[in-house]
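For reference, each letter of the sequence shown is one residue, going -27 to -1, 1 to 782 in mature numbering (1 follows the signal peptide of the UniProt record, and there is no 0).
Heads up, the beta-carbon is just placed ideally off N, CA and C, and yes, glycines get one too.
To start, the structure under review is shown below, and the notes come after it.
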Amino acid sequence: MAPPPRRLLLVLLGFLAAASLATLAAAVYEDQVGLADWHQKYIGKVKQAVYHTQKSGRRRVVVLTEENVIASLDLRSGDIFWRHVIEKNNPIDQLSLSAGKYVVTLSSGGSILRAWNLPDGQMIWETNIQTSTSSKSLLHVLSNSKVVKDNLVLVLAGQWIYAVSSIDGVISWGKEFTLDGLEIKQVVQSPENDIVYVVGIAGSSKLAVYQLNAKTGEIVKDAQESLPDGLCGEILLGSSNVLVALDETRSALFIVEFKGESISYNKVQISEFVQDFSGTVKLLPLMSNGIIALQSSSTVSLLKLKGMDGLEVIHSFDQPASVSDALTITEKYEAFAVVQHVGSQIEFIVKVTSDLTNEIIREKVDIDQHRGSVHKVFLNNYVRTDKSHGFRALVVMEDHSILLIQQGAVVWSREDGLASIVDVMASELPVEKDGVSVADVEHNLFEWLKGHVLKLKGTLMLASVDELAAIQALRVRSSEKNKMTRDHNGFRKLLIVLTKAGKVVALHTGDGRIIWSNLLPSLRASKSGEMPSALRIYQWQVPHHRVMRENPSILVVGRSGASSVAPGVLCVLDSYSGEELNSRSFDHSVAQIIPLTLKDSSEQRLHLIVDSNSNAHLYPRSLDALNSFISEMSNQYFYSVDIQKNAIRGYSLQKSCDFNSDDTYCFSTKLLWSIIFPSDAERISVSEARKMNEVVHTQAKIIADQDVMYKYLSKNLIFVATVSPNAAGEIGSAAPEEASLVAYLIDAVSGRILHRVTHHGAQGPVHAVVSENWVVYHYFNLRAHRFEIAVIEIYDQSRAVWLVHIVMI
């Protein structure tokens, strides 16, 4: 056979080159959406939820989360109807429903009130409110039949109270309280008339109670009293004229009764009626018919108010447990829910406030143990077909996931902890094995037959809804991109993410489904009492020589508390199953984590953990790892970026710690260089460096005149971006003439500035990636009113000049 012509070979090579470049494209065609990509939306940890279950319209729950998100969720499936992510500089304080069709939100310390359309989430109006101080704000929607026709919303902030129309956002009236230093803590509407009770604290010990006309804002009555001890600020109205306040030490309660313009009080020690009381407590927001809930470190106690005489413990629940707000069932009855852990299950209990011995519901529900403890519960009721009352509850878990519980089962769940990812890494999938066992063959044959039966029923239109869903799931699993093995090009991977709650989740890159998840026991807040912080995730071991027998593993490092000097925690997990293989606590803090290129004989990657005293600790703590590190210690350098002091410093390592010479795995550091930027001209915005495990595809580049340019491939290259002080805020906070951005390339060994470029009229936020010999960074151009991307390519100075490309998008 004659060889193919040269022209045909060139065409084939060109086609192959175009096809290889096409795989690098970041966009997809319109008909490929959902096939070649995936997109998931999350909302974060829910801190407030309001149900809308009227017969007209879809039943939904509107939630406010710690990620500053408001969203409307379908009560049947948990799907998002609509969602708004509000900017961080405008934190939402509270959320409520008004007139059955508006979602009202209060944000920025009570200065911004917004109304959103309930069905589609469109903003109806926005009102700016003038407040005297930036204290805690409160939102209350009037629900009394005598004033509901006015659709008024009360906003309380500092010493001011406003009534705003929920229809158009017009302020009906405003009232400023004259008491100096007053901070409003509670507002309650009278069920009998249009009187509103406002409770506040002036200073730390003066209590003030006001009665206002809800229609006009006129003060009907007011009373003030100085208590002998200070108050911590937690106040609940236990009945129409009695309130309960927690003292400054959180060890005693004030029972305060107000009649007309007089106030009387009684102080009781919590230890008198709560057995085995220790530590401090907090008041939970349950308040109805003289019932309050008190939470301590070991129990949640339900207390009955006995007038001014004191409190009586009706029931106690062991921690962890959570209590909901009171829910009005009829004009005479109110109910609340308690959710507690019983072994591997959670127990859902609904009680009536008028008779705590009577339980409407007590159900046990099976849940995933990797969700942690119950944090919050929001109760809702519905009417069954037999006219009796049923109950459902939205439960917020420790891992920030949410569950809807109804009739003793989990109706749906959402992994909303993925809204607060703090770190992410990619891991290889398992290698496809050639040999299979007889059991695997029989199982696969059964699944094959089952799949064909389902497909046949679907073709003949005989499949049920569940069977149609199973057919769709089979199609997804059988797709080439969704296999759980490596592909030839290495596109299929596991995305292993770490959330703020300390949960590790593995996602498949094919369709984004969750492969495994694990709320790490050593990082759980419910165990240590504090939220973990400064969490990072790294590759720990990749067994290239034993890839068929051993699984790769990952490393999670963090602090056991929010303080920078809190002791550190280390966890090692299996990449394929999420099983925790090893964990340990440090005696030292964690200020910086440095992954090294070195490995020990078992292919575990070496890491240095630098504490707050600038001492470096080697992990894993084995003799093999120590010998590998000692032989290369003279070539190891690292740097630190201090944004507060506007400085960058470079260090080398010495053999032993200054404070503990017996610890052979601890090394002291030596300052080699430092760069301090003038604070009046530049502020550090971001710093980036190359990944230590990055693969270099080629070390040279051939240009048009056939000359060779060699790439600058130092792993000690640092990119630093600074902005002018006026441009350090949000976009638009500075004029173009006042804003500038300076990009630096610095050598981490010597501290020498290799390159510097200034972008006038630019500001952050700045995002950057350093790879091989190039840097890509992203910023905002104030003059052009657009985001731009700049690219710096770096070549060996001995062979070529510095080359800088700027590409604007």
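Taking the alpha helix (DSSP H) that residue i belongs to, which residues open and close that run?
| i | result |
| --- | --- |
| L599 | L596 to E605 |
Cβ of residue i within 8 Å of Cβ of residue j?
| i | j | result |
| --- | --- | --- |
| Y624 | Y610 | yes |
| G390 | A479 | no |
| R459 | T482 | no |
| G17 | H348 | no |
| S613 | Q565 | yes |
| H288 | L492 | no |
| K194 | D167 | no |
| A716 | V730 | yes |
| V241 | L219 | no |
| V137 | L129 | no |
| S495 | S556 | yes |
| I43 | T78 | yes |
| L37 | L68 | yes |
| A299 | V323 | no |
| S271 | D249 | yes |
Looking at C-alpha atoms only, which residue of the options is the closest neighbour of residue i?
| i | options | result |
| --- | --- | --- |
| Q617 | S607, S601, D635 and V659 | V659 |
| L718 | T695, V19 and N699 | T695 |
| L727 | S706, A712, I767 and S697 | I767 |
| I527 | N124, H461 and E401 | E401 |
| A662 | N124, D720, D635 and S697 | D720 |
| Y306 | L579, H25 and N331 | N331 |
| residue 800 | S393, E371, L367 and M398 | The first residue shown for the chain is -27 and the last is 782, placing residue 800 beyond what the model contains. |
| D653 | T26, A442, P709 and S713 | S713 |
| Q318 | E336, I649 and D328 | E336 |
| F602 | D615, Q627 and T222 | Q627 |
| R756 | V743, V739, A735 and Q21 | A735 |
| S575 | D47, Q514 and V35 | Q514 |
| V35 | T26, A22 and V42 | A22 |
| P92 | P64, L155, G131 and T26 | T26 |
| Y750 | P709, E711, S706 and V693 | V693 |
| N353 | E304, G363 and G345 | G363 |
Compute the Euclidean distance between the alpha carbons of residue i and residue j, then round it to the nearest angstrom.
| i | j | result |
| --- | --- | --- |
| A(-6) | Y752 | For A(-6), the predicted structure reports a pLDDT of 36, less than 50, and the residue's modelled location is therefore unreliable. The matter cannot be settled from this model. |
| D396 | K179 | 47 Å |
| N754 | V748 | 18 Å |
| V542 | D584 | 12 Å |
| G173 | S84 | 19 Å |
| E415 | K423 | Because the pLDDT at E415 is just 48, under 50, the model does not fix this residue reliably, and the value given afterwards should be weighed accordingly. Each residue's alpha carbon lies about 12 Å from the other. |
| A763 | I691 | 16 Å |
| L435 | D341 | 34 Å |
| K148 | S163 | 19 Å |
| G94 | H57 | 8 Å |
| I725 | D66 | Looking at the sequence shown, residue 725 is not Ile but Arg. Spanning the two alpha carbons is a distance of roughly 48 Å. |
| A700 | D615 | 19 Å |
| G263 | A442 | 50 Å |
| D769 | K572 | 29 Å |
| V338 | S295 | 15 Å |
| W385 | R49 | 8 Å |
| I648 | V722 | 13 Å |
Grab the span of the beta strand (DSSP E) containing residue i for me, first residue to last.
| i | result |
| --- | --- |
| M398 | I394 to E401 |
| W11 | Looking at the DSSP string, W11 is not in any beta strand (DSSP E), and its letter there is neither H nor E. |
| K674 | A673 to I675 |
| residue 784 | Past the edges of the chain, shown from -27 to 782, lies residue 784, and the structure says nothing about it. |
| R33 | R33 to T38 |
| E198 | I192 to S199 |
| K628 | No beta strand (DSSP E) holds K628; DSSP gives it neither H nor E. |
| L391 | Unbroken run through L391: none, as it is neither H nor E. |
| I683 | Sequence check: residue 683 is Tyr here, not Ile. Per DSSP, Y683 belongs to the beta strand (DSSP E) from V681 to Y683. |
| L560 | Sequence inspection shows Asp at residue 560; the Leu mentioned does not correspond to that position. Taken as a continuous stretch (DSSP letters only), the beta strand (DSSP E) holding D560 covers E553 to S562. |
Which partner residues does residue i have in the DSSP bridge list?
| i | result |
| --- | --- |
| I144 | V137 |
| K232 | S235 |
| T695 | I657 and V715 |
| V126 | V114 and V137 |
| S506 | R532 |
| Y170 | V161 and Q184 |
| W89 | V76 and M96 |
| K61 | The partner list for K61 (beta bridge, DSSP) is empty, contrary to what the question assumes. |
| A382 | Q379 |
| H517 | For H517, which the question treats as bridged, DSSP gives no partner whatsoever. |
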